[in-house]
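These notes concern the structure reproduced below.
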Amino acid sequence: MGIKIMQYIITLLIIFFVLLFLVIINRKPIKKLKSKSLAPFGYRLFYTDQNTRTKRNNVIYKRILYSQKYNIQGKPDFIYKKFKTCYIIELKSGSIKDDPMPHTGDLMQLVAYFLIIEDLFGYKVKKGKLIYSDYCFVVRNTRRLRKTVLSILEDMRYMLKTGKGEANCSFVHCRYCMCKNTVCEFYNI
Ligand code: SF4
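Numbering-wise (numbering that gives the first Met the number 0), the sequence shown opens with residue 0 and increments by one.
Below, the structure is given as structure tokens:
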């Protein structure tokens, strides 16, 4: 009897840890996927920057979205909405191949949209998606990513004001930048 109870407890513990593991895996802030579908089930189109033949009521088309709080603006490709929650889609023409992460600039752009939309519409943005020609990335709107974007914005404004700044050059950071080996005076790797 004692052994059976032990086996039962061990089985329950194994199931618990497997479920915990799956939850942790699924909560990764950035997930690379093969599927390139647009918004998840239940969301409806709320905004688009794309050209469409017909215009739908209750959809905002091609407007520049400006956040007064952060003093940034942008035009995401698609915003989908479900109740007071938004999901942002950004289409990218290039491919990502074996890279485990999206291009840094694209990621920061998407997170900047999270900030703009939350400020402008007051809706919560849980996730967004960067869709490349071969893969896509689902990005969670985490505090850490938001802090990174805000810190970059602060650095950029400081540089614009003072003309002083440090470039964070590295092979990984600069690999897709069009300024590399052209106009960037910092890149010397
Ligand atoms: S090449 Fe220059 S401009 Fe481009 S990411 Fe690197 S440091 Fe920045």
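We put the CB at the ideal spot given by N, CA and C, even for glycine.
- Query: Roughly how far, in whole angstroms, is the beta-carbon of K91 from the beta-carbon of L152, given that I think they are within contact range, below 8 Å?
  - Reply: Here the question's residue 91 lines up with position 92 in the sequence shown. Here the question's residue 152 lines up with position 153 in the sequence shown. About 21 Å; that fails the 8 Å criterion.
field: Within 8 Å, strictly: CB atoms of I63 and Y46
entry: For this step, residue 63 is matched to residue 64 along the sequence shown. For this step, residue 46 is matched to residue 47 along the sequence shown. In this structure, Y46 does not lie closer than 8 Å to I63 by Cβ.
May I ask you to verify whether the stretch 62-82 touches the stretch 96-105, counting CB pairs closer than 8 Å and requiring at least 3? Flag = no, the stretch 62-82 and the stretch 96-105 do not touch.
Next on the checklist: Beta-carbon within less than 8 Å of H172's beta-carbon, same chain only, minus the 5 sequence neighbours each way: which residues are those?
Outcome noted: The residue given as residue 172 occupies position 173 in the sequence shown. Hits under 8 Å: T103.
Boundaries of the alpha helix (DSSP H) in which G104 is found, first to last residue: Translated into the one-based positions of the sequence shown, residue 104 becomes position 105. Start and end: 103-120.
Counting C-beta neighbours from all protein chains within 10 Å, is the total for Y175 16 or more, i.e. buried, or is it exposed?
Numbered from its first residue, the sequence shown carries residue 175 at position 176. Exposed.
| said: Between which two residues does the beta strand (DSSP E) holding K128 run? | reply: As a first step, residue 128 must be located in the sequence shown, where it is residue number 129. 123-130 is the span of the beta strand (DSSP E), which, as asked, contains K128.
Notebook entry, point to check: Would you report the Cα separation of C85 and Y131, rounded to the nearest angstrom?
Noted result: The residue given as residue 85 occupies position 86 in the sequence shown. The residue given as residue 131 occupies position 132 in the sequence shown. When rounded, the distance between both Cα atoms is 20 Å.
**Prompt:** Over what stretch of residues does the beta strand (DSSP E) that includes I88 continue unbroken?
**Reply:** Along the sequence shown, one-based indexing puts residue 88 at 89. Element bounds for I88: 84-90.
By how many angstroms is the C-alpha of K33 removed from the C-alpha of D133? Your numbering for residue 133 matches position 134 in the sequence shown. Your numbering for residue 33 matches position 34 in the sequence shown. Distance between the alpha carbons of D133 and K33: 7 Å.
Quiz item: Is F40 helix, strand or coil by DSSP?
Solution: Locating residue 40 in the sequence shown gives position 41, counting from the first residue. It is coil, neither helix nor strand.
Legend entry - For K96: DSSP bridge partner residues: As a position in the sequence shown, residue 96 is number 97, starting the count at 1. Beta-bridge pairing by DSSP links K96 to no other residue.
Original post:
Just how far apart, CA to CA, sit L109 and Q6?
Top reply: If you number the sequence shown from 1, residue 109 lands on position 110. If you number the sequence shown from 1, residue 6 lands on position 7. So the two alpha carbons sit approximately 48 Å from each other.
Margin query: Helix, strand or coil, according to DSSP, for Y186 in the structure here?
Written below: In the sequence shown, the residue the question calls residue 186 occupies position 187. Coil at Y186, not helix or strand.
*Pull up the CB-CB distance for K68 and D118, whole angstroms please, since I reckon it's below 8 Å.*
As a position in the sequence shown, residue 68 is number 69, starting the count at 1. As a position in the sequence shown, residue 118 is number 119, starting the count at 1. The Cβ separation is near 5 Å, so the contact holds.
Item to complete: With a cut-off of 8 Å on the beta carbons, I'd call D76 and D48 a contact; round off their distance for me.
Response: Here residue 76 refers to the residue found at position 77 when the sequence shown is read from its first residue. Here residue 48 refers to the residue found at position 49 when the sequence shown is read from its first residue. In this structure D76 touches D48 by the C-beta definition: roughly 5 Å separates them, less than 8 Å.
Q.
Since K81 and G41 should fall inside the 8 Å C-beta cutoff, what is the C-beta to C-beta distance between them, to a whole number of angstroms?
A. One-based indexing of the sequence shown puts residue 81 at position 82. One-based indexing of the sequence shown puts residue 41 at position 42. Between G41 and K81 the Cβ distance is about 5 Å, and since that is below 8 Å, they are a contact.
Does the distance from the C-beta atom of I88 to that of I115 stay below 8 Å? On the sequence shown, position 89 is the one that residue 88 refers to. On the sequence shown, position 116 is the one that residue 115 refers to. Taking 8 Å as the Cβ cut-off, I88 and I115 do not qualify as a contacting pair.
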